[in-house]
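What follows is one structure encoded as structure tokens, with my remarks underneath.
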Amino acid sequence: MEIINDYGIVLALLGAVLVALVPGMASAKAVSMGGVAGAGIITENPSLFGKVLILQLLPGTQGIYGLLIAFITLSQIGVLGGSGDISFVKGILYLAACMPMIIVGYTSCIRQSKASIASMGVVAKKPDQFGKAMIFPAMVETYAILALLISLLAVNGVGGINI
Amino acid sequence: MKNLISSAASKNEMTDNLYLYGVARIRSKEMSLFSKSDIDQLMSCKTEKECIRLLNDKGWGRNDTDESLEQLLTSEREKTWELMDELVDDMSVFHTFLYGNDYHNLKAAIKQAYKGIERPDLYIKDGTIDLAVINKAIKEQDFSILPEHMREAASEAYQIQFHTGDSQLCDIIIDKAALDSIYAHGKGLKNELLSQYVEIKVAVANINIAIRSVKTGKDEFFLNRALVECESLDKKKLIESAKDGMESIYEYLSTTTYSDAVAELRISSQAFERWCDNRIIEYIKPQKYNPFTLSPLLAYLLARENEIKTVRIILSGKKNDIGDSVIRERLRQMYV
Numbered sequence: 008m009e010i011i012n013d014y015g016i017v018l019a020l021l022g023a024v025l026v027a028l029v030p031g032m033a034s035a036k037a038v039s040m041g042g043v044a045g046a047g048i049i050t051e052n053p054s055l056f057g058k059v060l061i062l063q064l065l066p067g068t069q070g071i072y073g074l075l076i077a078f079i080t081l082s083q084i085g086v087l088g089g090s091g092d093i094s095f096v097k098g099i100l101y102l103a104a105c106m107p108m109i110i111v112g113y114t115s116c117i118r119q120s121k122a123s124i125a126s127m128g129v130v131a132k133k134p135d136q137f138g139k140a141m142i143f144p145a146m147v148e149t150y151a152i153l154a155l156l157i158s159l160l161a162v163n164g165v166g167g168i169n170i
Numbered sequence: 044m045k046n047l048i049s050s051a052a053s054k055n056e057m058t059d060n061l062y063l064y065g066v067a068r069i070r071s072k073e074m075s076l077f078s079k080s081d082i083d084q085l086m087s088c089k090t091e092k093e094c095i096r097l098l099n100d101k102g103w104g105r106n107d108t109d110e111s112l113e114q115l116l117t118s119e120r121e122k123t124w125e126l127m128d129e130l131v132d133d134m135s136v137f138h139t140f141l142y143g144n145d146y147h148n149l150k151a152a153i154k155q156a157y158k159g160i161e162r163p164d165l166y167i168k169d170g171t172i173d174l175a176v177i178n179k180a181i182k183e184q185d186f187s188i189l190p191e192h193m194r195e196a197a198s199e200a201y202q203i204q205f206h207t208g209d210s211q212l213c214d215i216i217i218d219k220a221a222l223d224s225i226y227a228h229g230k231g232l233k234n235e236l237l238s239q240y241v242e243i244k245v246a247v248a249n250i251n252i253a254i255r256s257v258k259t260g261k262d263e264f265f266l267n268r269a270l271v272e273c274e275s276l277d278k279k280k281l282i283e284s285a286k287d288g289m290e291s292i293y294e295y296l297s298t299t300t301y302s303d304a305v306a307e308l309r310i311s312s313q314a315f316e317r318w319c320d321n322r323i324i325e326y327i328k329p330q331k332y333n334p335f336t337l338s339p340l341l342a343y344l345l346a347r348e349n350e351i352k353t354v355r356i357i358l359s360g361k362k363n364d365i366g367d368s369v370i371r372e373r374l375r376q377m378y379v
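Taken in sequence, the protein lines are chains A and B. For the first sequence, this note's numbering assigns the number 170 to the last residue and increments by one with no breaks. For the second sequence, this note's numbering assigns the number 379 to the last residue and increments by one with no breaks.
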């Protein structure tokens with residue numbers, strides 16, 4: 008049992024690494040897709056830069072949320088200082104706590120980028136409809152925020168469990 | 044199975060991302076396409092010159108010289124292809140639209156070699172094959188330097204032209220090979236829009252051939268050589284109905300997806316042509332709201348071609364003093 012418990016910190020660290028890695032990769036890809044589409048619009052109408060930039064950056068938030076959860080997890084498990092004594096079960100719990108942000112972060116990011124790119128098309132044709140166009144990709148953000156909330160509560164909650 | 048699905052998904056995603064830049068630019072370019080009100084404005088011009096002035100004001104032409112109607116339309120077509128060249132790395136996706144020019148050039152080269160004359164003005168510049176290659180193939184009878192889809196037809200058409208002097212049969216062979224190549228390329232790209240476009244294009248060509256054959260009293264041999272296999276029309280049934288006359292063709296078409304065309308065919312061939320163009324425009328219209336894939340670029344290309352055709356109809360009408368009501372009857376639906 009003692010040997011298994013040594014792996015608790017490994018699992019917890021794996022959760023922290025994945026939550027920074029997966030949504031971060033998704034955000035990089037999504038922002039790049041937005042950038043490519045944005046460049047196309049700017050080629051034709053440079054005055055739309057500000058509006059297009061906001062739409063490009065919307066799917067970038069998942070990477071930031073992942074970083075936040077990773078940072079809190081690293082603090083909790085003692086990697087950034089303090090005790091690194093994490094039981095095997097607690098390690099699994101930390102990994103599970105990171106999962107909502109890992110999975111929803113990735114999927115919402117890719118889908119949000121598609122909504123953002125479609126909205127760029129609206130801005131290209133009707134720049135005055137930017138407000139409405141921004142709502143569509145912003146709606147996808149809701150689910151990333153919900154996942155962030157659950158991961159945040161779960162990581163904090165696991166810290167308080169004595170197992 | 045799982046691997047198959049994931050590879051298909053990643054391929055779709057790749058295709059989606061390949062044209063992001065191009066589609067975004069096209070979204071802005073669509074703003075400058077002519078709408079119905081622009082066409083009305085053009086119609087309200089009294090003379091051809093007035094129309095050209097209006098077109099220049101709207102950015103048509105190269106802005107450096109006083110261009111004629113043909114020069115204006117040619118430069119607009121060139122501008123569209125220059126834009127596509129900027130937007131797409133691999134221009135072979137547009138070969139469906141250019142094969143027709145290649146086969147026209149092949150026809151022109153064979154006819155010129157047969158007559159022993161040289162008329163460079165008969166060639167169309169935009170094609171996928173270098174004109175020098177076509178000319179060399181014909182002059183040296185070395186058809187192996189031509190692309191595979193063209194070799195057999197070029198050799199057969201050449202033999203027939205030179206041995207029998209039958210220009211019509213030579214034309215039929217080349218036209219059929221052109222349609223076959225366009226159809227195969229359009230279907231081969233696995234793009235739904237392009238696939239549907241070539242389906243309509245080939246079916247319309249088949250309908251026109253069948254009707255012309257009835258009017259000119261052509262036999263089954265001619266129809267068999269000229270008609271092209273496609274999914275939406277049964278070649279055998281079309282030949283059978285053409286043998287029985289015009290009404291029989293209309294009856295057969297009424298049982299196909301082209302049943303709406305029968306009424307137009309009864310009016311005139313121009314009305315049928317307009318119906319075909321409008322059907323293509325109706326089909327591509329949803330691409331205005333599609334931010335991914337190659338389809339919006341293809342739709343823009345077809346919309347530009349439709350725009351150029353409409354402008355040509357108006358200006359030719361103005362030039363020849365044709366009444367506005369007659370011109371309006373010939374006008375196509377616009378994409379925007």
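Think of the CB as a built atom: it goes at the ideal place given N, C-alpha and C, for glycine as much as any other residue. Computed from a prediction, not measured in an experiment: that's the story for all the values here.
Through-space distance from residue j to residue i, alpha-carbon basis
| i | j | result |
| --- | --- | --- |
| residue 43 of chain A | residue 49 of chain A | 10 Å |
| residue 95 of chain B | residue 149 of chain A | 53 Å |
| residue 59 of chain A | residue 151 of chain A | 21 Å |
| residue 373 of chain B | residue 321 of chain B | 11 Å |
| residue 119 of chain A | residue 327 of chain B | 26 Å |
| residue 46 of chain B | residue 259 of chain B | Its pLDDT being 49, under 50, residue 46 of chain B is placed unreliably by the model, and nothing is read from it. |
| residue 19 of chain A | residue 34 of chain A | 23 Å |
| residue 442 of chain B | residue 123 of chain B | No answer is possible for residue 442 of chain B: it lies beyond the span of chain B, which begins at 44 and ends at 379. |
| residue 167 of chain B | residue 99 of chain B | 24 Å |
| residue 36 of chain B | residue 246 of chain B | Residue 36 of chain B is absent from the model: chain B starts at 44 and stops at 379. |
| residue 177 of chain B | residue 149 of chain B | 6 Å |
| residue 349 of chain B | residue 207 of chain B | 39 Å |
| residue 84 of chain A | residue 106 of chain A | 16 Å |
| residue 304 of chain B | residue 293 of chain B | 9 Å |
| residue 14 of chain B | residue 137 of chain B | No statement about residue 14 of chain B is possible, as the shown extent of chain B runs from 44 to 379 and does not include it. |
| residue 18 of chain B | residue 93 of chain B | The structure shown does not extend to residue 18 of chain B, since chain B is modelled only from 44 to 379, so the question has no answer here. |
| residue 77 of chain B | residue 63 of chain B | 24 Å |
| residue 365 of chain B | residue 90 of chain B | 11 Å |
| residue 51 of chain B | residue 61 of chain B | With a pLDDT of only 42 at residue 51 of chain B, under 50, the local geometry of the prediction cannot be trusted, and the value read off the model is given with reservation. Residue 51 of chain B and residue 61 of chain B: Cα-Cα distance of roughly 15 Å. |
| residue 404 of chain B | residue 306 of chain B | Residue coverage of chain B in this structure runs from 44 to 379, which leaves residue 404 of chain B outside it and unanswerable. |
| residue 225 of chain B | residue 163 of chain B | 25 Å |
| residue 75 of chain B | residue 103 of chain B | 10 Å |
| residue 375 of chain B | residue 325 of chain B | 11 Å |
Spatially closest choice to residue i from the options, by CA coordinates
| i | options | result |
| --- | --- | --- |
| residue 65 of chain B | B/347, B/352, B/341 and B/361 | B/341 |
| residue 127 of chain A | B/69, B/190 and B/153 | B/69 |
| residue 244 of chain B | B/143, B/364, B/72 and B/97 | B/143 |
| residue 283 of chain B | B/295, B/272 and B/273 | B/295 |
| residue 248 of chain B | B/315, B/306 and B/348 | B/315 |
| residue 155 of chain A | A/72, A/40 and A/39 | A/72 |
| residue 352 of chain B | B/299, B/207, B/313 and B/277 | B/313 |
| residue 67 of chain B | B/333, B/303 and B/182 | B/333 |
| residue 169 of chain B | B/179, B/161 and B/119 | B/119 |
| residue 139 of chain B | B/90, B/214, B/77 and B/233 | B/233 |
| residue 238 of chain B | B/254, B/273 and B/213 | B/273 |
| residue 157 of chain B | B/110, B/209 and B/193 | B/209 |
| residue 190 of chain B | B/228, B/101 and B/357 | B/228 |
| residue 77 of chain A | A/45, A/21, A/139 and A/134 | A/21 |
| residue 379 of chain B | B/330, B/367 and B/202 | B/330 |
| residue 25 of chain A | A/124, A/61 and A/70 | A/70 |
| residue 160 of chain A | A/109, A/136, A/104 and A/138 | A/104 |
| residue 183 of chain B | B/162, B/171 and B/153 | B/153 |
| residue 301 of chain B | B/193, B/240, B/250 and B/339 | B/250 |
| residue 138 of chain A | A/39, A/167 and A/62 | A/62 |
| residue 87 of chain B | B/377, B/368 and B/376 | B/368 |
| residue 11 of chain A | A/97, A/66, A/40 and A/82 | A/97 |
Supposed contact pair residue j and residue i - C-beta distance, whole angstroms, cut 8 Å
| i | j | result |
| --- | --- | --- |
| residue 71 of chain B | residue 52 of chain A | 6 Å |
| residue 165 of chain B | residue 355 of chain B | About 20 Å; that fails the 8 Å criterion. |
| residue 134 of chain A | residue 55 of chain A | 6 Å |
| residue 188 of chain B | residue 179 of chain B | 7 Å |
| residue 197 of chain B | residue 186 of chain B | 5 Å |
| residue 100 of chain A | residue 17 of chain A | With 8 Å as the limit, residue 100 of chain A and residue 17 of chain A do not qualify as a contact, their Cβ atoms being about 14 Å apart. |
Interface flag, residue i vs chain E, CB-CB below 7 Å
| i | result |
| --- | --- |
| residue 148 of chain B | Annotation note: the requested chain E is absent from the structure, which comprises protein chains A and B. |
Using a Cβ-Cβ cutoff of 7 Å, what residues of the segment 13-44 of chain A are near chain B? List them in chain order.
40, 43 and 44
Give me the subset of the segment 106-138 of chain A whose CB atoms are less than 8 Å from a CB atom of chain B, sorted by chain position.
Within the segment 106-138 of chain A, the residues whose Cβ lies closer than 8 Å to some Cβ of chain B are 121, 124, 125, 127, 128, 131 and 132, listed in chain order.
Chain-ordered residues of the segment 65-82 of chain B with a beta carbon less than 9 Å from chain A:
Taking 9 Å as the Cβ-Cβ cut-off against chain A, the residues of the segment 65-82 of chain B that qualify are 65, 66, 67, 68, 69, 70, 71, 72, 73 and 74.
Mind the definition here: the segment 26-43 of chain A touches the segment 109-126 of chain A only if three or more C-beta pairs lie below 8 Å; say whether that holds.
The segment 26-43 of chain A, when compared against the segment 109-126 of chain A, does touch it at the 8 Å Cβ threshold.
Inspect the CB distances between the segment 261-279 of chain B and the segment 218-234 of chain B and report whether three or more fall short of 8 Å.
Output reads yes: the segment 218-234 of chain B touches the segment 261-279 of chain B.
Spell out a yes or no on whether the segment 77-92 of chain B and the segment 129-146 of chain A are touching, meaning 3 or more CB-CB pairs, one atom from each, closer than 8 Å.
no
Of all the residues that make up the segment 323-336 of chain B, which are near chain A by a beta-carbon distance shorter than 7 Å?
334
Residues in the segment 44-63 of chain A with C-beta within 8 Å of chain B's C-beta atoms, listed in sequence order?
44, 45, 46, 47, 48, 50, 51 and 52
Check each residue of the segment 101-134 of chain B: if its Cβ is closer than 7 Å to any Cβ of chain A, include it; give the result in chain order.
none
If you measure beta-carbon to beta-carbon, which residues of the segment 337-352 of chain B are closer than 8 Å to chain A?
none
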